[in-house]
Amino acid sequence: MIYRLALPAVLLIALAIPLGAGPACQAQSGMTAIDASHPLTELTPRNDKSGLAALRDMGIRTVIRYYDNVAETLPCKTLVPEETRALLDAGFSLLAVFQHHNDNPMTFLAPGRGTMDAQRAIELALANGQPSGSAIYFGVDGVDGALESANYEYAKNSGGPISSTREQTLQSSMGAGAYAKHKRFYEIYREEGASLFGGTLGKHRAHDMLPHIESYFRDLQTVFSNFGRQTGIQYRLGAYGGGLVCEHLMGLGLAAHCWLSQSKGLPGYDRFNGSQDWVMRQELTTICPGWKLRTGGDFHFDFNVVNERTRNFGQCNTQIDYAIPFSRPLKRDGVGCYAWED
Numbered sequence: 001m002i003y004r005l006a007l008p009a010v011l012l013i014a015l016a017i018p019l020g021a022g023p024a025c026q027a028q029s030g031m032t033a034i035d036a037s038h039p040l041t042e043l044t045p046r047n048d049k050s051g052l053a054a055l056r057d058m059g060i061r062t063v064i065r066y067y068d069n070v071a072e073t074l075p076c077k078t079l080v081p082e083e084t085r086a087l088l089d090a091g092f093s094l095l096a097v098f099q100h101h102n103d104n105p106m107t108f109l110a111p112g113r114g115t116m117d118a119q120r121a122i123e124l125a126l127a128n129g130q131p132s133g134s135a136i137y138f139g140v141d142g143v144d145g146a147l148e149s150a151n152y153e154y155a156k157n158s159g160g161p162i163s164s165t166r167e168q169t170l171q172s173s174m175g176a177g178a179y180a181k182h183k184r185f186y187e188i189y190r191e192e193g194a195s196l197f198g199g200t201l202g203k204h205r206a207h208d209m210l211p212h213i214e215s216y217f218r219d220l221q222t223v224f225s226n227f228g229r230q231t232g233i234q235y236r237l238g239a240y241g242g243g244l245v246c247e248h249l250m251g252l253g254l255a256a257h258c259w260l261s262q263s264k265g266l267p268g269y270d271r272f273n274g275s276q277d278w279v280m281r282q283e284l285t286t287i288c289p290g291w292k293l294r295t296g297g298d299f300h301f302d303f304n305v306v307n308e309r310t311r312n313f314g315q316c317n318t319q320i321d322y323a324i325p326f327s328r329p330l331k332r333d334g335v336g337c338y339a340w341e342d
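Numbering (the UniProt record's numbering), first residue to last: 1 to 342.
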C-alpha cells in the first residue's frame with residue numbers, strides 16, 4: 001500500500017478512512033490490476049485453488065509490486081526474483097514501482113536523492129530480470145498535499161508549535177503514525193520553510209513543491225538515459241501521484257505514464273481524472289477477510305482501473321537473465337519473508 005496525506009480541508013476526513021474501505025474482494029469491472037506491498041507468493045489457497053490461481057479468477061491480469069532500498073520501509077515489501085518468476089509463470093504481467101519514504105517531502109528536498117533512487121531501481125530491475133522497454137514508476141506520495149497541510153497547521157497554531165489540545169485531536173483522528181509524520185514535517189517547515197520554498201511562511205501552496213519534484217525526476221531521467229546509452233537497456237519512467245503532480249511531470253516529458261493515486265483530496269485530482277490521461281486509477285484498499293498470507297494477516301491490496309486507451313503502461317511478461325547479483329532486503333529481528341540462505 002502507499003500511504004498519504006490529503007489536503008488540509010479534508011485532512012482529518014481522508015486520514016480517518018479505514019483500511020478496507022475499497023471495493024469488495026471479488027472481480028470488479030475494469031479493475032484488472034492490483035498493487036500490493038507484500039509478496040503474493042505468500043498467498044494461501046482460496047476456494048480450493050492456489051492463491052495465485054484464485055487471484056486470476058478475480059480477473060486480475062497485472063500485479064504491481066515494489067522496489068525499495070535494502071533497508072525497506074515495510075518488511076518484505078521489495079520484489080525479489082523468485083516472486084517475479086512465480087507471478088509470470090502464473091500468467092500475470094508485472095509492473096514495478098519504486099518507493100522509499102516517497103510520502104516524505106524531505107525525500108524530494110534532499111540533493112542527490114533522485115540519482116540514488118534511480119540507481120537502486122535499476123539494480124533491482126536487472127536483478128529481477130525486467131526487460132528493456134518496460135517501465136519503472138516512482139511514487140510521489142502526497143507530498144504536495146503535505147506542504148498544504150503544513151501551511152494549514154501554521155495558520156491553526158499562529159506559527160507556533162502544535163498545541164497540546166490540537167495534538168490530542170490529531171492523534172485521535174489520524175493515528176499515531178500519520179500524526180508523527182505530519183508533526184515532523186510541520187516542525188521542519190516552521191524552521192526551514194522560508195529557505196526551502198522561498199516566500200513567506202504560511203503562504204505556500206502545493207505548487208511550491210513542484211520544482212523539487214521536478215528536480216528529483218530530472219535526476220531520475222538523467223540516470224535512466226545514461227544507463228540506456230551505456231547498455232542499450234531502456235527503461236521507461238513512470239510516476240505515481242495526484243493529479244497536479246501527474247499533469248506537471250507529463251507536461252514536461254519527465255514521465256511517460258502517470259498512475260493516479262487513490263487520494264481524491266490531492267490537488268488536481270478531478271481535472272486529471274477527467275482528462276483520461278492516466279494509465280491507471282487506484283481505488284481505496286480492499287481487504288479479503290479470511291484469505292490469509294502465510295506471513296500473517298488477511299490479504300489486502302488496492303484495485304486499479306486500467307485505462308482502455310493505454311493498455312501498454314510499462315508492464316512486462318518476460319524475465320531476462322542478466323546475471324546480476326541481488327542486494328536482498330535486510331531481515332528485521334532475524335526474520336524475513338523469503339526462503340533463501342544467507
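Every residue, glycine too, gets a C-beta built ideally from N, C-alpha and C.
{"Item": "When you compare the segment 196–206 with the segment 140–152, are there three or more beta-carbon pairs, one atom per stretch, that lie closer than 8 Å?", "Value": "yes"}
{"Item": "Using three-state DSSP, classify residue 343 as helix, strand or coil.", "Value": "Residue 343 lies beyond the stretch modelled for the chain, which goes from 1 to 342, so this question has no answer here."}
{"Item": "Where does I213 fall in DSSP's three states?", "Value": "helix"}
{"Item": "Given a threshold of 16 other Cβ atoms within 10 Å of its Cβ, counted over all protein chains shown, does L252 qualify as buried or as exposed?", "Value": "exposed"}
{"Item": "Look at F217 and L249 and say whether their C-beta atoms are less than 7 Å apart.", "Value": "yes"}
{"Item": "Can you tell me the Cα-Cα spacing of D298 and D277, whole angstroms?", "Value": "33 Å"}
{"Item": "For K183, collect the residues of the same chain with a Cβ closer than 7 Å to its Cβ; drop the 5 residues on either side in sequence, then sort them by chain order.", "Value": "I162"}
{"Item": "Distance, Cα to Cα, P81 vs G129?", "Value": "7 Å"}
{"Item": "For the segment 55–66 against the segment 90–106, do three or more pairs of beta-carbon atoms, one drawn from each stretch, fall closer than 8 Å, so that the two count as touching?", "Value": "yes"}
{"Item": "Tell me whether M31 sits in a helix, a strand or coil according to DSSP, three-state version.", "Value": "coil"}
{"Item": "Check whether the Cβ of G114 sits closer than 6 Å to any heavy atom of the ligand PLP, and report yes or no.", "Value": "Among the ligands in the structure shown, none appear at all, so the ligand PLP cannot be discussed."}
{"Item": "Using the Cα positions of G314 and A178, report the straight-line distance between them to the nearest angstrom.", "Value": "31 Å"}
{"Item": "If we call anything under 7 Å between Cβ atoms a contact, is F303 one with E283?", "Value": "yes"}
{"Item": "With distances taken from CA atoms, which of H257, T286, G175 is nearest N307?", "Value": "H257"}
{"Item": "So what's P289 in DSSP terms, helix, strand or just coil?", "Value": "strand"}
{"Item": "Tell me the rounded alpha-carbon separation between F224 and N47.", "Value": "43 Å"}
{"Item": "Hey, would you say T41 sits closer than 7 Å to G59, going by beta carbons?", "Value": "no"}
{"Item": "Quick test of your reading: T44 and L293, contact by CB under 8 Å. State the CB separation rounded to the nearest angstrom.", "Value": "7 Å"}
{"Item": "Kindly indicate which residue of G160, Y235, L244, S149 has the alpha-carbon position closest to the one of I213.", "Value": "L244"}
{"Item": "Taking C-beta to C-beta, are A90 and L52 nearer than 7 Å?", "Value": "yes"}
{"Item": "Comparing C-alpha positions only, which one of I34, S50, S29 sits nearest to residue 348?", "Value": "One cannot answer for residue 348 here, as it falls past the ends of the chain, which runs 1 to 342."}
{"Item": "Taking 8 Å as the cut-off, does the segment 115–131 touch the segment 154–172 (at least 3 CB pairs, one atom from each stretch)?", "Value": "no"}
{"Item": "Ends of the alpha helix (DSSP H) at R65?", "Value": "It is not in any alpha helix (DSSP H) - R65 instead sits in the beta strand (DSSP E) that spans 62–67."}
{"Item": "With 16 as the cutoff for other CB atoms within 10 Å, does E192 come out buried or exposed?", "Value": "exposed"}
{"Item": "For Y235 versus W259, is the C-beta spacing smaller than 7 Å?", "Value": "no"}
{"Item": "Give me the Cα-Cα distance between S149 and Q230, rounded to the nearest whole angstrom.", "Value": "42 Å"}
{"Item": "Please list the terminal residues of the continuous alpha helix (DSSP H) segment that includes I122.", "Value": "113–127"}
{"Item": "So, with DSSP's three-state summary, where would you put V140?", "Value": "coil"}
{"Item": "Can the beta-carbon of C246 be found closer than 7 Å to that of F272?", "Value": "yes"}
{"Item": "Looking only at DSSP bridge pairs, what is T78 linked to?", "Value": "Y66"}
{"Item": "Is E341 helix, strand or coil when you go by DSSP?", "Value": "Note on E341: pLDDT 38, under 50, position unreliable in the model; no value is reported."}
{"Item": "Could you tell me the alpha carbon to alpha carbon distance between T187 and H101, rounded to whole angstroms?", "Value": "Here the sequence assigns Glu to residue 187, which means Thr is not the residue at that position. Their Cα atoms are separated by approximately 18 Å."}
{"Item": "Could you pull the start and end residues of the alpha helix (DSSP H) that C258 belongs to?", "Value": "Run containing C258: none in the alpha helix (DSSP H); it sits in the beta strand (DSSP E), 257–260."}
{"Item": "Could you spell out the range, first to last residue, of the alpha helix (DSSP H) harbouring Y186?", "Value": "176–197"}
{"Item": "With a cut-off of 8 Å on the beta carbons, I'd call Y154 and L210 a contact; round off their distance for me.", "Value": "At roughly 20 Å, the Cβ-Cβ gap does not stay under 8 Å, so Y154 and L210 are not in contact."}
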